[in-house]
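For reference, the structure is listed below as structure tokens.
Protein chains in written order, with the working numbering: chain A, 1 to 398; chain B, 1 to 291.
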């Protein structure tokens, strides 16, 4: 029986790694699994480090309940300061010295890009990375890397389709952050416009070092646009919303999901000014009262009370950390073959999984050819108090 | 025409903030001959203190006054405890201390108050008595307030004993000491004033850029550009420099072809250009040292 399992594992491994026949179970014993992670606990992106904190808290609690199938989780999360060279250094340490089984939810687009090739050469899974870039789902080229959230370009495409279907004579203004993240969104939006790209009357970038985007907003208004696609992180999104309001510019305002948090963006910008914003959502905003009654929210909320009582509940990333931990928990819980290749195969075999803080109707699905776990979103309009979903769930795969 | 006016006024408002930072930088530069790289982060930290006080008291003006006072005292303590011991150390040691302070304040703020953006209400009333989409009441208030602040600083140095003593201590420490000025304490006072001015700048800028630990990182660079442009040893020049940088930056983005991507580049070109062609800045004195 045991022999059979080993043989199966080896077979699975050879399918995935393209020939290397030895089942690699580094980091996994009968009583423990070692999981690595990098997060920006310091530096410019340290706001996101709450994801790392949430995941640590999740596994800590899980271990007190006996872990997963008798194995405790040793979660080692290191600080990379959002600096790619440090990510490389820390991940090497995790893989070569700590001998982790796999890397989980390491955060950031530039940081994950820096270790993308390394992880695939070493054949160590780089699971459910915390970035919305589109390059994490290429199973043929990078069989050891898998994304998690809906990608930025897919979201951009959804906005373009909405504009084409719902606005008469659209004249479009675009503000985007001048880096990989902003360009991914922008390119998705352009792809969605198809041959109607000349509807864009003005497109302006900003840098994260700019103190404000006020001058960009003044110029975008001056272009005479009646649609405004706002691709910016919370701080700049809030500035843009407030400035547009101040100068009395009222276009159809499409706000990227990255900045859709009521407490981090809309409250600072002013709720009255935020009225009628449209965004595409896939997670439940913890500050949004409409979720308070749902089972998923209550599960998360009770968990927060118990494990992170002092945390800022308005921060949507605590929900994200909880969601993705749940997903990994599910994958490991249902995995027979506990080797690196086996875990990768299990991660690529999730069917219709519901996560507590993800919108109803959006399910996690993966397959050996589909390395994008969540690919659906639903449009939502801000009514001055909360986001009100409208239309149906838009699945980018269909 | 509307666009031009709006750009100019928005430029003046953000330029006022650069001016505050530039002024704080110049205060310390005059006294010590060094740029305090932690100036922006100290101002950010002060702003968080103001935010916390506002949460506790509910009055933004009270929070503002208390935070500025606290920053003044904290500035003096920092000079006495951290900067004084390295006073006679080589320049590099001092710069490392400043950069260390920068990181410490940045991380402390994140640790105490987390990284989500926070809103600090404006010091000025929403209703400015007339309707306009050209400038918001807060921006107008910022411009007026900064100019008033400059006037106060000017009067302080011109007409008060302490102000004169501070100037003397900075200009010629040996002679100042001989006539009984306590040079060390004057330096500490300079740090206190600089950090208080920084706090004012922080509280003024927070309603525009929103409060979070990296609030001042962009502002500081433009503040340096303003200080250099106006002249590193001229407080009035620093304020003028800050205002000019704010306005020029906005114009350049809009009217220079391809300028929309060049905001920061513009500030850096300005810094390099000034250092190359007019190191003393527009309004600064050329310092001649007898050897």
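Don't be surprised by glycine CBs; every beta carbon is placed ideally from N, CA and C.
Only a predicted model underlies this, so the values are computations on that prediction, with no experimental measurement involved.
Per DSSP, residue 290(B) has no beta-bridge partner at all. For residue 78(A), the uninterrupted beta strand (DSSP E) run begins and ends at 72 to 79, by DSSP. Taking a C-beta distance under 8 Å as the contact criterion, residue 43(A) and residue 34(A) do not qualify as a contact pair. Under DSSP, the beta-bridge partners assigned to residue 364(A) are 353(A). The beta carbon of residue 161(B) sits closer than 6 Å to none of the beta carbons in its chain outside the five residues before and after it. Taking a cut-off of 8 Å on C-beta distances, the segment 112 to 131 of chain A does not touch the segment 192 to 207 of chain A, as fewer than three cross pairs fall below it.
If you check each beta-carbon in the segment 261 to 274 of chain B against every beta-carbon of chain A, the ones closer than 8 Å belong to 261, 263 and 264.
Within the same chain, and ignoring the five residues on either side of residue 263(B) in sequence, the residues whose Cβ sits closer than 7 Å to its Cβ are 249 and 253. Membership of residue 47(B) in the alpha helix (DSSP H) is indicated by the continuous run 39 to 57.
Of the candidates 251(A), 115(A) and 170(A), 115(A) places its Cα closest to the Cα of residue 94(A). The straight-line gap separating the alpha-carbon atoms of residue 171(B) and residue 215(B) is approximately 33 Å. Contiguous beta strand (DSSP E) elements confined to the segment 48 to 132 of chain A occur at 72 to 79 and 102 to 104, taking only those with 3 or more residues.
The C-beta of residue 239(A) comes closer than 8 Å to at least one C-beta of chain B. For residue 16(B), there are no C-beta contacts with chain A under 9 Å, since the nearest C-beta of that chain is about 12 Å from it. Burial state of residue 155(B) is exposed, judged by a 10 Å Cβ sphere holding fewer than 16 other Cβ atoms. DSSP places residue 280(A) in the strand class (E or B) of the three-state scheme. Using a Cβ distance threshold of 8 Å, residue 17(B) and residue 184(B) do not count as a contacting pair. Near chain B, meaning a CB-to-CB distance below 7 Å, the residues of the segment 302 to 335 of chain A are 312, 314 and 315. Rounded to whole angstroms, residue 265(A) and residue 219(A) show a C-alpha spacing of 22 Å.
DSSP places residue 227(A) inside the beta strand (DSSP E), whose first and last residues are 227 to 231. Along the segment 191 to 214 of chain B, the positions whose C-beta sits under 8 Å from a C-beta of chain A are 205, 208, 209, 210, 212, 213 and 214, read in chain order. With 16 or more other CB atoms across the displayed protein chains lying within 10 angstroms of its CB, residue 60(B) is buried. For the options 40(A), 350(A), 157(A) and 62(A), the alpha carbon positioned closest to that of residue 110(A) is the one of 40(A). A residue is called buried when at least 16 other Cβ atoms come within 10 angstroms of its Cβ; residue 390(A) does not meet this threshold and is exposed.
Any Cβ of chain B closer than 8 Å to the Cβ of residue 209(A) would place that residue at the interface, and such an atom is present. Remark: C-beta atoms of residue 287(A) and residue 256(A) do not approach each other more closely than 8 Å. With respect to residue 50(A), residue 317(A) sits close: the two C-beta atoms are nearer than 8 Å. Put simply, the backbone Cα of residue 157(A) is about 35 Å away from that of residue 303(A).
Residue 64(B) is positioned such that its CB atom lies no closer than 8 Å to that of residue 7(B). Residues of chain A whose Cβ lies closer than 7 Å to the Cβ of residue 254(B) are, in chain order, 215 and 219. In this structure residue 395(A) is in contact with residue 375(A), their Cβ atoms being roughly 6 Å apart against a cut-off of 8 Å. Residue-level contact check: residue 25(A) does not touch chain B, since none of the beta carbons of chain B fall below 8 Å from its beta carbon.
Annotation for residue 253(A): the continuous beta strand (DSSP E) segment containing it runs 252 to 255. If you look at residue 381(A), you'll find it in the beta strand (DSSP E) that goes 376 to 382. For residue 38(A), the uninterrupted beta strand (DSSP E) run begins and ends at 32 to 39, by DSSP. In the assembly as shown, residue 65(A) is an exposed residue. Its beta-carbon has fewer than 16 other beta-carbons within 10 Å.
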